[in-house]
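For the sequence shown, numbering that gives the first Met the number 0 assigns the number 0 to the initial residue and increments by one for each residue that follows.
Even glycine gets a Cβ: it sits at the ideal position worked out from N, Cα and C.
These notes concern the structure reproduced below.
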Amino acid sequence: MKEQSCETKSAEERVNFIQQQIVDDLQAGKNGGLVHTRFPPEPNGYLHIGHAKSICLNFGLAKTFAGVCNLRFDDTNPSKEDVEYVDSIKEDVKWLGFDWGENEFFASNYFAELHDYAVQLIKMGRAYVCDLTPAEMREYRGTLKEPGRNSPFRERSVAENLDLFARMRAGEFADGTRVLRAKIDMASGNMNMRDPVIYRIAKVPHHRTGTQWCIYPMYDFAHGLSDAIEGITHSICTLEFEDHRPLYDWFIEQLQTPARPRQIEFARLNLSYTVMSKRKLMQLVDENLVSGWDDPRLPTLSGLRRRGYTPASIRNFCERIGLAKRNSMVDVALLEHAVREGLNKEAARYMAVLRPLKVIIENYPEAQVEELDAVNNPEDESMGRRKVPFARELYVEQDDFMEDAPKKFYRLTPGREVRLRYAYYIRCERVEKDENGAVTTLYCTYDPATRGGSSPDGRKVKSTLHWVAAKTAVSAEVRLYDRLFLDPDPAAEKDGASFTTKINPDSLEVLNDCKLEPALAEISAETAVQFERLGYFIVDNKESTPAKPVFNRTVTLRDNWAKKAGNKRLGKRR
Ligand code: ATP
Ligand code: MG
Numbered sequence: 000m001k002e003q004s005c006e007t008k009s010a011e012e013r014v015n016f017i018q019q020q021i022v023d024d025l026q027a028g029k030n031g032g033l034v035h036t037r038f039p040p041e042p043n044g045y046l047h048i049g050h051a052k053s054i055c056l057n058f059g060l061a062k063t064f065a066g067v068c069n070l071r072f073d074d075t076n077p078s079k080e081d082v083e084y085v086d087s088i089k090e091d092v093k094w095l096g097f098d099w100g101e102n103e104f105f106a107s108n109y110f111a112e113l114h115d116y117a118v119q120l121i122k123m124g125r126a127y128v129c130d131l132t133p134a135e136m137r138e139y140r141g142t143l144k145e146p147g148r149n150s151p152f153r154e155r156s157v158a159e160n161l162d163l164f165a166r167m168r169a170g171e172f173a174d175g176t177r178v179l180r181a182k183i184d185m186a187s188g189n190m191n192m193r194d195p196v197i198y199r200i201a202k203v204p205h206h207r208t209g210t211q212w213c214i215y216p217m218y219d220f221a222h223g224l225s226d227a228i229e230g231i232t233h234s235i236c237t238l239e240f241e242d243h244r245p246l247y248d249w250f251i252e253q254l255q256t257p258a259r260p261r262q263i264e265f266a267r268l269n270l271s272y273t274v275m276s277k278r279k280l281m282q283l284v285d286e287n288l289v290s291g292w293d294d295p296r297l298p299t300l301s302g303l304r305r306r307g308y309t310p311a312s313i314r315n316f317c318e319r320i321g322l323a324k325r326n327s328m329v330d331v332a333l334l335e336h337a338v339r340e341g342l343n344k345e346a347a348r349y350m351a352v353l354r355p356l357k358v359i360i361e362n363y364p365e366a367q368v369e370e371l372d373a374v375n376n377p378e379d380e381s382m383g384r385r386k387v388p389f390a391r392e393l394y395v396e397q398d399d400f401m402e403d404a405p406k407k408f409y410r411l412t413p414g415r416e417v418r419l420r421y422a423y424y425i426r427c428e429r430v431e432k433d434e435n436g437a438v439t440t441l442y443c444t445y446d447p448a449t450r451g452g453s454s455p456d457g458r459k460v461k462s463t464l465h466w467v468a469a470k471t472a473v474s475a476e477v478r479l480y481d482r483l484f485l486d487p488d489p490a491a492e493k494d495g496a497s498f499t500t501k502i503n504p505d506s507l508e509v510l511n512d513c514k515l516e517p518a519l520a521e522i523s524a525e526t527a528v529q530f531e532r533l534g535y536f537i538v539d540n541k542e543s544t545p546a547k548p549v550f551n552r553t554v555t556l557r558d559n560w561a562k563k564a565g566n567k568r569l570g571k572r573r
């Protein structure tokens, strides 16, 4: 049955290479027709969009093949891990739209089993306790060109190894003084096979097992065996683990685990104009270069969420970029495009003035407030209509006015008539300035015959402006976010240490006195809206209050960076 359905699927869809390998395995009758994947985050930071790619892939494969996907915390390095990260990871996976149900696991749950596996290797003569210092170990390891040399401790007897390993576990030795190593081949062309360390001493309490253990398994040992313990059939990981696959297979082979997972690698997602490694993200947080892991400029899922990116648009993006076997850089504009595309369909339109300029309609009755009819989303009639109050005093954008306007400027200037969206034609008659000569108020007249925005005499205007009535306006803070880095590949240099010098100084602009139409006061957090002509925005899920609403700009209506990037290529300054 199961095989049947995936064959149908593969005929219908463009099948990626991982799906193809799974189909091959199913057709060869492996794993009893089951597909069981896992997403294995290490709880040492917040998830980012690269993880989203892995989540979509692993949960997606389970869904495609009617299988199961585990959420497994790869928590074997207690000095860097924390429950805060466990909690945030769960929240982010859920938010992204995936459900692991009962299948929540921790590598630390298997510490006893992993320990027993290590003992088994010792008994088989396939592991030994080594007393070389880390520096000596490096030296004995050899290089890519030179084979390594056997450790002087390699030929210890099984009894001695068992005794020493038991005493490592009992806490008799200081951190770093001894390790347990697999006994494989110091001359192997693959460095990972040169007697890799499988257990180390670390007298560090673990966030789940407390002080129960003072030895911890290394990633390569713990990961594959955790896969085997959970009955994972396909262990999907990123390319840097390709050279570890022989070791992955070696442990499974030696220990004859009941399940035989298969490791398959794909290229990790790299995005332009950002950094993705948790170490770099942590540095940005620790050095207060951003406001926290959920800063809306970060590619973390909590940051993207706060920025207003929707789970569906992130999933679409991950789907669209597909899977590769070679590392490459994906243009962040593609992600922004996916976000715009989704929001264009979903987001209701409203009017908001970010940099207000006062307009007084001199021939409009002083006390009158009219409710004008507005469309919520021209892309989707089912989203209905709303009323927008109009009155004698309004705000328009400062940018929409120029006193000495060039010919091609069609917006407000003295003597020019424009349309106010959903309202009337107005004409600018004169301006008022402050003592510095800055324009503070526009005095205008309106044409009552143009209600709704068209003139019965067929008179045309060249521009339509958004506006907000002063009397009913809601004041808000609006945060305009932009890309965090000016450089498409901020971590390009070898050590990447200087990436923080490439931060875009204009990545955040805070506007304190924006004027919003009153309906925006009712918008709940996590509901995306479009401010007409300005972009997509969302209520800040952390700092917004009814008394002082805060909106974040999710994305502009168009890609403003394509041109900048072009300039950059031409060597021009921005
Ligand atoms: P980072 O390199 O960002 O610090 P990591 O690989 O150390 O991340 P883990 O918590 O170990 O982070 O990752 C969990 C899973 O997510 C792994 O299977 C890993 O391969 C995958 N993953 C991490 N980063 C990416 C990425 N950029 N693209 C695709 N998958 C990724
Ligand atoms: Mg990792």
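- When distances are taken from the beta-carbon of T237 to the heavy atoms of ligand 1, the shortest one is below 7 Å.
- The beta carbon of E416 is closer than 6 Å to those of Y424, R426, V460 in its chain, skipping five residues each way along the sequence.
- With fewer than 16 other CB atoms across the displayed protein chains lying within 10 angstroms of its CB, N559 is exposed.
- Ranked by Cα distance from A221, the first of R304, L46, Y109, R418 is Y109.
- The region 436 to 445 makes contact with the region 349 to 366: 3 or more CB pairs, one atom from each, lie closer than 8 Å.
- In the DSSP assignment, D23 falls within the unbroken alpha helix (DSSP H) covering 16 to 26.
- DSSP, reduced to helix, strand and coil, places Q397 within a helical segment of the structure shown.
- Rounded to whole angstroms, the gap between the alpha carbons of D330 and G124 is 50 Å.
- The criterion of a C-beta distance shorter than 8 Å is satisfied by E476 and V509.
- About 26 Å separates the Cβ atoms of N269 and M217, ruling out a contact at the 8 Å cut-off.
- Under DSSP, V128 forms a beta bridge with L179.
- Within the chosen limit of 7 Å, ligand 1 reaches the beta carbon of K277 through at least one heavy atom.
- DSSP places N191 within a helical segment (H, G or I) once states are collapsed to three.
- When distances are taken from the beta-carbon of R325 to the heavy atoms of ligand 1, even the shortest one reaches 7 Å or more.
- In this structure, DSSP gives G209 an extended state, which the three-state scheme calls strand.
- Taking all protein chains shown into account, T500 has fewer than 16 neighbouring C-beta atoms within 10 Å of its C-beta and is therefore exposed.
- In chain order, G147, R193 place their CB closer than 6 Å to the CB of R140, counting only its own chain and leaving out the 5 sequence neighbours on each side.
- According to the DSSP secondary-structure assignment, M328 is paired through a beta bridge with N269.
- Residue pairing by DSSP places H35 opposite V67 in a beta bridge.
- Judged by their CB atoms, G383 and F536 are not nearer to each other than the 8 Å cut-off.
- Our two residues, A390 and P295, have alpha carbons roughly 36 Å apart in a direct line.
- 8 Å or more divides the Cβ of F484 from the Cβ of Y247.
- According to the DSSP assignment, A258 belongs to no alpha helix (DSSP H), since it is labelled neither H nor E.
- Cβ contact annotation for P489 (same chain, cutoff 7 Å, sequence separation greater than five): V274, F498, K501, in chain order.
- As the crow flies, the alpha-carbon of L238 is around 43 Å from that of D379.
- Apart from the 5 residues on each side of it in sequence, I522 sits with its Cβ closer than 7 Å to the Cβ of V528, V538 in its chain, given in chain order.
- Counting other Cβ atoms within 10 Å of its Cβ, S87 reaches 16 or more and is therefore classed as buried.
- A117 and E335 have their C-alpha atoms roughly 48 Å apart.
- Leaving aside the five residues that flank V157 on each side, the residues in its chain whose CB is nearer than 8 Å to its CB run, in chain order, I121, K122, G124.
- At least one heavy atom of ligand 1 falls within 7 Å of the beta-carbon of R267.
- Judged by DSSP secondary structure, G223 falls within the alpha helix (DSSP H) whose first and last residues are 218 to 229.
- Closer than 7 Å to some heavy atom of ligand 1: that describes the Cβ of E41.
- Residue range 507 to 515 is occupied by the beta strand (DSSP E) that includes L507.
- Residue pairing by DSSP places H50 in no beta bridge whatsoever.
- One alpha carbon belongs to L419, the other to D91, and they sit about 42 Å apart.
- Under the three-state reduction of DSSP, P40 is assigned to coil, being neither helix nor strand.
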